[in-house]
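Numbering (this note's numbering), first residue to last: 1077 to 1442.
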């Protein structure tokens, strides 16, 4: 196991208890401790960064610690979770263990017991993470919430099934399209379907500019997550934000081995894909991701029937698949290991089946 500082997320709505736990774990155990006071903030943190363990109270407003435990299992699979309560109740302990908690602490807990239990859990979490290192990191970049999911949602699900780490970078909260907080929560829920980390920024919707911080922000994310593959918007797009993100990404990702562009609803007929990723096994996951964006349900391009029809259309350019997602591959510097499909471990963009064509036959549909 590496010598890096162990990281713990503490979810506790009582300020005094939270301060006690932070002080003990930081001073006595030398851990890096992040404290949040309500469950939604906890879910946002596990989407933003990786923790070795989570310690959560049971009694919290809005969502109980046991309910949060279930959400954490979906958002941060494999991370050990301990639950705390002031009630020494057998029922609480049984319910916590039934929901797959890794440990159960009764308040008040001594400093020594807190250090012992949380240290053991964090070391367990670190070991799990090191033993399950992903094949590669895939970064999908979009201008607004739901851009990435529309363009490569099923492809990301295929990467996740292959063991790759998925990161979604969204540059704007989409204020023009709806309530910012709701759209943030929707983006988190969508990312959870593929176990993705989510970086969500607040650049001005409809006014994105590569020279106004976009390049720097994308570069910072690339330095942090070190992706082998980057997906982003196509230059053949009517939306100015999409074109701005594509331009910024092409500069920021200049050293990333593989760079490919996906189709948006606003893509033009100049969109010219050269790769058609088979997504038969992953289209339902994409539809689940898109369903998370309930505030955008009035958008016709989120209609499941249209999503399926679009994927069905693109499959005509690839052999052996009923559904496909199209990509403009600008650069591919990695060698693909194995065939694309459930369980495959791809080192680059998932490839079509053997014998598939690599380009459209001249139709103008985009």
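Here a beta-carbon is modelled for each residue, glycine too, at the ideal position from N, C-alpha and C.
Owing to the predicted nature of the structure, the values given are computational and were not obtained by experimental measurement.
Practice task
Verify whether the separation of the beta carbon atoms of residue 1341 and residue 1244 is less than 9 angstroms.
Solution key: no
Handout entry: Any 3 or more C-beta pairs closer than 8 angstroms across the segment 1264-1272 and the segment 1229-1239
Key = yes
Practice task
Indicate whether at least one CB of chain D lies closer than 9 angstroms to the CB of residue 1400.
Solution key: Within the model displayed, chain D is absent; a lone protein chain is all it includes.
Problem - Cα-Cα separation between residue 1351 and residue 1365, rounded to whole angstroms - result: 22 angstroms
Problem - Beta-ladder partner(s) of residue 1215, from DSSP - result: 1243 and 1306
Exercise for the section: Taking 8 angstroms as the threshold, find out whether the segment 1212-1226 comes into contact with the segment 1372-1380 through three or more Cβ pairs. Expected result: At 8 angstroms Cβ cutoff, the stretches touch.
Practice task
Rounded to whole angstroms, what's the CA-CA distance from residue 1146 to residue 1140? Just pull it up for me.
Solution key: 10 angstroms
Practice task
Within the same chain, show all residues whose beta-carbon is closer than 6 angstroms to that of residue 1108, passing over the 5 residues directly before and after it, in chain order.
Solution key: 1081 and 1083
Exercise for the section: Go ahead and pull the three-state DSSP assignment for residue 1354. Expected result: Three-state result, residue 1354: strand.
Handout entry: C-beta contact flag for residue 1154 and residue 1199 at 9 angstroms
Key = no
Exercise for the section: Run the CB neighbour count on residue 1217, radius 10 Å, all protein chains shown included, and call it buried at 16 or more, exposed below. Expected result: Per the 10 Å Cβ criterion, buried.
Problem - Neighbourhood of residue 1297 by C-beta distance below 6 angstroms, restricted to the same chain and skipping five residues each side - result: 1245 and 1275
Practice task
Measure the C-alpha to C-alpha separation of residue 1415 and residue 1353 and round it to an integer number of angstroms.
Solution key: Annotation note: pLDDT 33 at residue 1415 (below 50); position unreliable, no value reported.
Exercise for the section: Report all residues from its chain with a CB closer than 8 angstroms to the CB of residue 1388; omit the five preceding and five following residues, and keep chain order. Expected result: 1398 and 1399
Problem - Distance, residue 1311 Cα to residue 1086 Cα - result: 43 angstroms
Practice task
Output the distance between the C-alpha atoms of residue 1117 and residue 1283, rounded to the nearest integer angstrom.
Solution key: 28 angstroms
Handout entry: Residues near residue 1103 by beta carbon distance below 8 angstroms, same chain, minus five either side
Key = none
Problem - Cβ distance (whole Å) where residue 1201 is taken to contact residue 1128 below 8 angstroms - result: Between residue 1128 and residue 1201 the Cβ distance is about 4 angstroms, and since that is below 8 angstroms, they are a contact.
Problem - Contiguous beta strand (DSSP E) assignments of at least 3 residues, all confined to the segment 1094-1134 - result: If one requires a minimum length of 3 residues, the beta strand (DSSP E) runs lying completely within the segment 1094-1134 are 1108-1112 and 1129-1133, in chain order.
Handout entry: Unbroken alpha helix (DSSP H) run spanning residue 1084, endpoints
Key = For residue 1084, no alpha helix (DSSP H) encloses it; the enclosing beta strand (DSSP E) starts and ends at 1083-1087.
Practice task
Indicate the three-state DSSP secondary structure (helix, strand or coil) for residue 1389 in the structure shown.
Solution key: helix
Exercise for the section: Could you tell me the distance, in whole angstroms, from the CA atom of residue 1114 to the CA atom of residue 1178? Expected result: 20 angstroms
Practice task
Kindly indicate which three-state DSSP category residue 1092 falls into: helix, strand or coil?
Solution key: helix
Problem - Contact set for residue 1194: own chain, Cβ-Cβ below 8 angstroms, skip 5 residues either direction - result: 1084, 1101, 1105, 1107, 1129, 1131 and 1158
Handout entry: Identity of the residues DSSP links to residue 1334 by a beta bridge
Key = DSSP, once it has assigned bridges, lists 1305 and 1408 as partnering residue 1334.
Handout entry: Identity of the residue in 1301, 1263 and 1257 nearest residue 1242 by Cα
Key = 1301
Exercise for the section: Just the C-alpha distance for residue 1189 and residue 1161, rounded to the nearest angstrom, thanks. Expected result: So the alpha carbons of these two residues sit roughly 15 angstroms apart.
Exercise for the section: Under 8 angstroms by Cβ, that's how I've got residue 1406 and residue 1335 pegged, so tell me the actual separation to the nearest angstrom. Expected result: 5 angstroms
Exercise for the section: Tell me whether residue 1270 sits in a helix, a strand or coil according to DSSP, three-state version. Expected result: coil
Handout entry: Spatial neighbours of residue 1197 in its chain, beta-carbon cut-off 7 angstroms, leaving aside the 5 residues before and after
Key = 1129, 1156, 1158, 1178 and 1179
Problem - Spatial distance of residue 1368 from residue 1265 (CA atoms) - result: 6 angstroms
Problem - Short Cβ contact (9 angstroms threshold) for residue 1299 with residue 1123 - result: no
Handout entry: Cα-Cα separation between residue 1411 and residue 1186, rounded to whole angstroms
Key = Its pLDDT being 36, under 50, residue 1411 is placed unreliably by the model, and the measurement read from it follows with that caveat. Each residue's alpha carbon lies about 53 angstroms from the other.
Problem - Exposed unless 16 or more other CB atoms sit within 10 angstroms - verdict on residue 1092 - result: exposed
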